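Numbering (full-length UniProt numbering), first residue to last: 1 to 402.
For each residue, glycine too, the CB sits at the ideal point set by N, CA and C.
Keep in mind it's a predicted model, so treat the numbers as computed, not measured.
For reference, the structure is listed below as structure tokens.
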Amino acid sequence: MNIPEPEKRRVRVSSGTLPSTKISSLAACHPFCQQLDLVFPSDSRLSEALEKLETTYGRAKIKLSDILVLNDAAVFANPTGESDLLAVSANPLEEDAWCIDPRGRLTLSVSKDTYERLGLVGQKLPFKNHHERHAIDIPLQKNVESRTVRERQKTSLGLWDKRRESELGTEAAPWEMLYCWRGEPEANPFQASQLHRVQCKKKELQDVHLPVPSLSSREDLPSSSRSEPKGKSKDDEDLLDDWNRRIGSLFEWVGMACLGAQRLHVNDRVDPFVALYEPPQPSITHNITHLQWRGLLDHNFVKQVTETAISALQPPNSAIPFVSITCHALTSSPVSYIAYTATADGALQAPASVPARLPRPDGEDTWSLILERSSQDEGESEIEPIRWCLTESLGQWDARWG
Numbered sequence: 001m002n003i004p005e006p007e008k009r010r011v012r013v014s015s016g017t018l019p020s021t022k023i024s025s026l027a028a029c030h031p032f033c034q035q036l037d038l039v040f041p042s043d044s045r046l047s048e049a050l051e052k053l054e055t056t057y058g059r060a061k062i063k064l065s066d067i068l069v070l071n072d073a074a075v076f077a078n079p080t081g082e083s084d085l086l087a088v089s090a091n092p093l094e095e096d097a098w099c100i101d102p103r104g105r106l107t108l109s110v111s112k113d114t115y116e117r118l119g120l121v122g123q124k125l126p127f128k129n130h131h132e133r134h135a136i137d138i139p140l141q142k143n144v145e146s147r148t149v150r151e152r153q154k155t156s157l158g159l160w161d162k163r164r165e166s167e168l169g170t171e172a173a174p175w176e177m178l179y180c181w182r183g184e185p186e187a188n189p190f191q192a193s194q195l196h197r198v199q200c201k202k203k204e205l206q207d208v209h210l211p212v213p214s215l216s217s218r219e220d221l222p223s224s225s226r227s228e229p230k231g232k233s234k235d236d237e238d239l240l241d242d243w244n245r246r247i248g249s250l251f252e253w254v255g256m257a258c259l260g261a262q263r264l265h266v267n268d269r270v271d272p273f274v275a276l277y278e279p280p281q282p283s284i285t286h287n288i289t290h291l292q293w294r295g296l297l298d299h300n301f302v303k304q305v306t307e308t309a310i311s312a313l314q315p316p317n318s319a320i321p322f323v324s325i326t327c328h329a330l331t332s333s334p335v336s337y338i339a340y341t342a343t344a345d346g347a348l349q350a351p352a353s354v355p356a357r358l359p360r361p362d363g364e365d366t367w368s369l370i371l372e373r374s375s376q377d378e379g380e381s382e383i384e385p386i387r388w389c390l391t392e393s394l395g396q397w398d399a400r401w402g
């Protein structure tokens, strides 16, 4: 029996202390979130604060040509050039896909046949066996495109809509879509729109192995310094190996906690010939809380949840030792990552382009963040900053890391 090899995934780990532009821009850089998980030692005040947070998203239908027509009235892109709308095609059976991201840009990811019939200029995907697929970037801001180019785009999308009507029928031709709208529009421009309320689901795990994170930055290790000579000492290499193993075990624990794994329970008596799990050390026995939100989650909501967790870790708010936050991206979107940079005044500046990627429902794009509480020694006035460690996991056919 030929068992297919598992998909190749890439993982990056970074760490540091707050404040950090990487953490403050984390939610914005990953705009299309479909699941958010928080795990922390049970604390009634933090649970109450987080359970109050909820959001909504919509499911509707639309013709692509209507997007450009409606955009003439600045429905989607505001005067600053950003978009108050987050939208993505929602039918996994469609070969083509599209999205509108917070930069105010419509991105189409289309097959060879669709691309040749559209007649719009796009970029080939740089992936083996997917070279014939193209990504087409259409800015929605006013006066960015010439009138001639905009009219050509409207005509091309209009002809595409007509082809869909002739092939699929009038009822099935409009695109199924998911959307989040920051603020309430004066009138909903979509067809068959239905709003869905997203509230967190709560689960408590009793008497589990709770790790003591004791996060340290990898940059603090001797072997992490770029000024070190090529020949590193054996002790330095051992320190780095120990750090990697410990961080790996912490994120393994987070993943198992999100799954509600039986292995985490102190009284677990699993047959060692069937499964064996060693919790991170040191660890204590404690109860933990798992909160989960599912749906199309706006990046502002993800940021709000993250900031609520961070505020709970700052003395004298609580004695919670750490909080973990895990975000799963909606991988069927043509855009999954926007590399924002922070300006001198702290504002986020959007890049000129985004990494090429192949949209697919079974893709992988996840980040997981562990935040460790600030500490303050008795008699000391200075409070140590909150430490953080971030793991990002990426599947195939995504050019974010080359």
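One thing to note: L210 has its Cβ no nearer than 8 Å to the Cβ of I325. Under the three-state reduction of DSSP, D398 is assigned to strand.
DSSP, read as helix, strand or coil, puts R147 in helix. Secondary structure at I284: strand, using DSSP grouped into helix, strand and coil. Here DSSP, grouped into helix, strand and coil, assigns S393 to strand.
Take the alpha-carbon of T331 and the one of V13: they are about 21 Å apart. Judged by DSSP secondary structure, V302 falls within the alpha helix (DSSP H) whose first and last residues are H299 to A312. Taking all protein chains shown into account, Q153 has 16 or more neighbouring C-beta atoms within 10 Å of its C-beta and is therefore buried. Per DSSP, the unbroken beta strand (DSSP E) holding C33 starts and ends at C33 to P41.
Looking from the CA of Y277, the closest CA among V149, A257 and Y337 belongs to A257. Distance between V212 and N267, taken at the CA atoms: about 19 Å. In the DSSP assignment, R12 falls within the beta strand (DSSP E) that extends over R10 to T17.
Under the DSSP assignment, T170 falls outside any beta strand (DSSP E); it carries neither an H nor an E label. Of the residues S156, G119 and F301, the one whose Cα lies closest to the Cα of L36 is F301. L86 and H30 have their C-alpha atoms roughly 12 Å apart. DSSP places V69 in the helix class (H, G or I) of the three-state scheme. If you draw a straight line from the Cα of L159 to the Cα of W243, it comes to about 57 Å.
Non-local C-beta neighbours of D137 in its own chain, meaning closer than 7 Å and more than five positions away in sequence, comprise R105 and T107, ordered along the chain. Close CB contacts of L394 within its chain, under the 7 Å cut and outside five residues either way in sequence, are with R9, R10, E364, D365, R400 and W401 (chain order).
At a Cβ-Cβ threshold of 8 Å, E176 and N91 count as neighbours. If you check the CB distance, T148 and P385 do not come in under 8 Å. Of the candidates K128, L125, L68 and R197, L68 places its Cα closest to the Cα of K142.
D235 and E145 have their C-alpha atoms spaced approximately 58 Å apart. Taking C-beta atoms under 8 Å as the contact rule, W388 and I370 qualify, at a distance of about 7 Å. A straight-line Cα-Cα distance of about 7 Å links S156 and L120. By the criterion of at least three beta-carbon pairs nearer than 8 Å, the region 43-62 is in contact with the region 195-203.
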